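A.B. asks: Pasting a structure here, questions to come.
Protein chains in written order, with this note's numbering: chain C, 5 to 495; chain P, 5 to 495.
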């Protein structure tokens, strides 16, 4: 058994070697495998990770549908001429594109890009479908994979050449409607993190010099990772009229005037899985909030030969009750493993709640519940087990959220000059909040030595510096500060 | 209004120009658009069609999960050397492959195939994951798109270069387990058609000379189309040990012997959407069974100025009740369209049930319900509308199923010689059932002149000819008949 026990342990330290620890959790908890030889940068998403993705998808998709979004599916390939057309407005994804050049045993006349994102193929169709103000707002979303050929080291769910995501694309009659849409989707992304994944995020916009190509405003939710770096965890873009003009999305308005639409796009990728795994997991392995855990409860019977029958019967009854109540439960009645091995294995695999049942529990009509994040052990009545378990799910979620929130709160620091920003980032990582004139040039003196950048600027209405009339000055240039900038290293 | 009315009509005849009629329904009901210039063979799946696909997916995915299948996601690309490896056992998909040859601004060392199917990349991973008999059965499934570069005319959902599907891949300890798996999936495909899509299908196996490359047995569900052709509507393959041997899937068995696994694969594509649209739709447009219709009910209020307030209030109450009960309902209270236009539009779009509400209905506390497939109109009490509507869904489903079943029953004919087979197929289309010796050579005399083939052979236990000892002789060669063959033209 000792060999097996060893296999289950995570050997790397979360705080000291975050990257190696992450890779080990991903592998040992059976979340992903690396792609085949010759395909570095690709991963195989195994059922445990895919199961989390499906739950995230279900949560977000329901919110989309409740707010007027319809799913659709557009071709995997985009003709080169379509990408070229987009270049009228944006630099585009050219250097990262994978090209299909041969098919059906012949060379193609025109190269086809494997989609890196789908604005350039979706927008021309939206243009065909929109005729009148009655066709607006028009909202489509697709769940798919995209390919971006980045030549960096693979990090499952964070940096992969192919990734799963959703991309939403909408058209509206007015700039206000498009802005409202942009914020609706950002709020939904915030909710995925906070309400489902138990992760607090910072919400705001990217500085104007770092928006999505062609966008008027890029809004973002940013999540803090345990190595002190920020992850751009979901973005929602107010595209203004740039795409609508390039692709000719016009509509006849109520007054019969022909007007140009305003568009948005917004995406959230499986990077959310990476951020989730990194945030809560520990040196026993994966930690998942109950809402997304493929297995929410494992029931582990603990018996001697003379108590086996009673203990197993009791454990089966408990598992059946939970299953009937819609809880995702596994009864681990394997003969060939001892309870200690099972505890370790289910901890590694991120099962949020363990129910231990031995002869004492049977005798007393009780259950011993153990929380995954902290090992807290609580004895509860057997009766009403489904309700009890749901209460414990809430407690586990609350524990995870509180711990992540405490970490985040402690990792937002202030500084008001260059040395302070660099010193704080260098010593602690995390976010440094500072007054900023709004000029891209004032990001450079931080970016150049530290590879940290302005990852987020709070929205105007939440930024006390917006009136610019309170005497605060930019931490870099000393001119009047117009916005608050959050500097951080990022993924 | 007359212009608009014209736009809504289907001009082609279902029985005389089935192909043109189908293309017109797909376009006018907003199901799909053709791909961009330079990408013939690709389609854009619009929300109405994608919504049907999502419901089919939900239905089938739940069945998969109830029977031990887990979803996963494998890379979009397959290195050429992996496809080559597969060639040890099968001829493969080479002529239909789309190749990525350039990416990230450089030429790749090895060409990457855009997956035409994923056996060659999934099986090596299954091989890694399977060590012991305790790891079996192992079942993974992915919902994804695949690309096969066929140079035929595009027919949305039937013939497209990229299509959506699911592909399941499993490994088992014994041939019996693999066969049971093969049949479980085939039965689930049958259930999708019969229970969800209201389409009876024929179930059986492909003749041995027409199995999936590398398969021991290919089982199929076949659906009859209105032009008398058969559609292979879902296939489940018992792969025997060929893939397991080529990719080295071995396991240590209970007796500690190392054994080779037995594998299966099974897939169902969006061709199911095509078959669904073709089967039930008519010259008013799309017809959908309530279970998959994105909009199940449309409430159309019919008012004059003096009754508008009362009628609209009543209609809103009805729509709210249905919405609260989880029915997918739309209240069509547009001012700018008259009821006749609305009726036509919702018929075109395949809404299964229309509720008409005018002043009489308000006065009498009633509702007028109209079934989409046949226009039957029934007056019902307003109270208990949700239950009433569900009863009508059942009736509509039953009508659709009965009509399709009657058609299918009438299109299975018998013949016992070559002239009879050719004559029957030529005159009627449909299926011709005939005694067959089992030899591929006896398919040629039908296939060559008629482009019809053996699309299905009933399973042994359902085929009275299997004992071969009853005096029946092969319709072509006159030798002893061993099986019953179903000849048909096919998609």
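Glycine is no exception: its CB is placed at the ideal position from the N, C-alpha and C atoms.
Note that the structure is a prediction, hence the values are computed from the model and not measured.
Please go through the same chain and pick out, in chain order, the residues whose beta-carbon is closer than 6 Å to the beta-carbon of residue 387(C), but skip the five residues on each side of it.
C.D. replies: Hits under 6 Å: none found.
A.B. asks: Does the beta carbon of residue 355(P) fall short of 8 Å from some heavy atom of the ligand GTP?
C.D. replies: No copy of the ligand GTP appears in this structure; indeed no ligand is present at all.
A.B. asks: Leaving out five residues on either side along the sequence, give the residues of the same chain with a beta carbon under 7 Å from the beta carbon of residue 10(P).
C.D. replies: Only weak support exists for where residue 10(P) lies, its pLDDT of 48 falling under 50; the value from the coordinates is given anyway. Around residue 10(P): no qualifying Cβ.
A.B. asks: I believe residue 120(C) touches residue 100(C) by the beta-carbon criterion, under 8 Å. Please report the beta-carbon distance rounded to the nearest angstrom.
C.D. replies: 6 Å
A.B. asks: Residue 220(C): which of 454(C), 192(C), 30(C), 183(C) sits nearest, CA to CA?
C.D. replies: Checked all of 454(C), 192(C), 30(C), 183(C); the closest Cα to residue 220(C) is 183(C).
A.B. asks: Where does residue 7(C) land, buried or exposed, given buried means 16+ other C-beta within 10 angstroms?
C.D. replies: Below a pLDDT of 50, predicted positions are generally treated as unreliable, and residue 7(C), at 40, falls in that range; no measurement from the model is reported.
A.B. asks: Using a beta-carbon distance below 9 Å, is residue 378(P) in contact with chain A?
C.D. replies: This model lacks chain A altogether, as its protein chains are C and P.
A.B. asks: Just curious, the alpha helix (DSSP H) that residue 348(P) is in, first and last residue?
C.D. replies: 343 to 352
A.B. asks: Since residue 108(P) and residue 117(C) are thought to touch, with beta carbons under 8 Å apart, how far apart are those beta carbons, to the nearest angstrom?
C.D. replies: That belief does not hold up - the Cβ atoms of residue 108(P) and residue 117(C) are roughly 12 Å apart, past 8 Å.
A.B. asks: Determine, using beta carbons only, whether residue 184(C) comes closer than 9 Å to chain P.
C.D. replies: no
A.B. asks: In three-state DSSP terms, what is residue 320(P)?
C.D. replies: helix
A.B. asks: Buried or exposed: residue 431(C), going by 16 or more other Cβ atoms within 10 Å of its Cβ?
C.D. replies: exposed
A.B. asks: Nearest by alpha-carbon distance to residue 245(C): which of 64(C), 131(C), 287(C), 260(C) is it?
C.D. replies: Residue nearest to residue 245(C) within the set 64(C), 131(C), 287(C), 260(C) is 131(C) (criterion: CA-CA distance).
A.B. asks: Determine the DSSP secondary structure at residue 382(P), reduced to helix, strand or coil.
C.D. replies: strand
A.B. asks: Does the region 280 to 293 of chain C come within contact of the region 351 to 362 of chain C, defined as at least 3 CB pairs closer than 8 Å?
C.D. replies: yes
A.B. asks: For a contact defined as C-beta to C-beta under 8 Å, what are the partners of residue 21(P) on chain C?
C.D. replies: Those do not exist, as residue 21(P) stays about 25 Å from chain C at its closest Cβ, beyond 8 Å.
A.B. asks: Which word fits residue 381(P), buried or exposed, when buried means at least 16 other C-beta atoms lie within 10 angstroms of its C-beta?
C.D. replies: exposed
A.B. asks: Please report the straight-line C-alpha distance between residue 281(C) and residue 189(C), rounded to a whole angstrom.
C.D. replies: 23 Å
A.B. asks: Can you grab the Cα-Cα spacing for the pair residue 241(P) / residue 487(P), in whole Å?
C.D. replies: 20 Å
A.B. asks: Quick check on this structure: which residue in 260(C), 126(C), 389(C), 62(C) has the alpha carbon closest to the alpha carbon of residue 143(C)?
C.D. replies: Of the listed residues, the one whose Cα sits closest to residue 143(C) is 126(C).
A.B. asks: Go ahead and pull the three-state DSSP assignment for residue 361(P).
C.D. replies: strand
A.B. asks: Between the region 40 to 61 of chain C and chain P, which residues of the former have CB atoms less than 9 Å from a CB of the latter, in chain order?
C.D. replies: Hits within the stretch, in order: 40, 41, 42, 43, 46, 47, 48, 49, 50, 51, 52, 53, 54, 55, 57, 58.
A.B. asks: Which runs of the alpha helix (DSSP H) fall wholly inside the region 110 to 144 of chain C and span at least 4 residues, in chain order?
C.D. replies: Look at the region 110 to 144 of chain C and you find these whole runs of alpha helix (DSSP H), each 4 residues long or longer: 123 to 133.
A.B. asks: Could you name each continuous alpha helix (DSSP H) segment of 4 residues or more that falls completely within the region 7 to 76 of chain C, going from the start of the chain to the end?
C.D. replies: Counting only runs of 4 or more, we get 22 to 32, 51 to 70.
A.B. asks: Going by beta carbon distance, what residues of the same chain come within less than 6 Å of residue 59(C), once the five residues before and after it are set aside?
C.D. replies: Counting only residues of its own chain and dropping the five nearest sequence neighbours on each side, residue 59(C) has a CB closer than 6 Å to the CB of 296.
A.B. asks: Do we get a CB-CB distance below 9 Å when we pair residue 81(C) with the residues of chain P?
C.D. replies: With 9 Å as the cut-off, residue 81(C) counts as an interface residue toward chain P.
A.B. asks: Considering only DSSP beta bridges, list what residue 397(P) is partnered with.
C.D. replies: Bridge partners of residue 397(P): none, in fact.
A.B. asks: Strictly by DSSP, which residues pair up with residue 82(P)?
C.D. replies: 117(P)
A.B. asks: Cutting at 6 Å between CB atoms, please list the residues of its own chain near residue 168(P), excluding the five before and the five after it.
C.D. replies: 149, 274
A.B. asks: State the start and end residues of the unbroken alpha helix (DSSP H) segment that holds residue 451(C).
C.D. replies: 448 to 454
A.B. asks: Using a Cβ-Cβ distance cut-off of 9 Å, determine whether residue 106(C) contacts chain P.
C.D. replies: Yes, residue 106(C) counts as interfacial toward chain P.
A.B. asks: How about residue 285(P) and residue 493(P): are their beta carbons less than 9 Å apart?
C.D. replies: No, they are not a contact pair.
A.B. asks: So, at 7 Å on beta carbons, what are the nonlocal neighbours of residue 299(C) in its own chain, with the 5 sequence-adjacent residues on each side left out?
C.D. replies: In the same chain as residue 299(C), and ignoring 5 residues on each side of it, the C-beta atoms closer than 7 Å to its own belong to 332, 334, 355, in chain order.
A.B. asks: How would you call residue 545(C), buried or exposed, if buried means at least 16 neighbouring beta carbons within 10 angstroms?
C.D. replies: For residue 545(C) there is no data in the structure shown, the boundaries of chain C being 5 and 495.
A.B. asks: State yes or no: is the C-beta of residue 2(P) within less than 9 Å of the C-beta of residue 140(P)?
C.D. replies: Only positions 5 to 495 of chain P appear in this structure, which leaves residue 2(P) out of reach.
A.B. asks: In three-state DSSP terms, what is residue 314(C)?
C.D. replies: Helix at residue 314(C).
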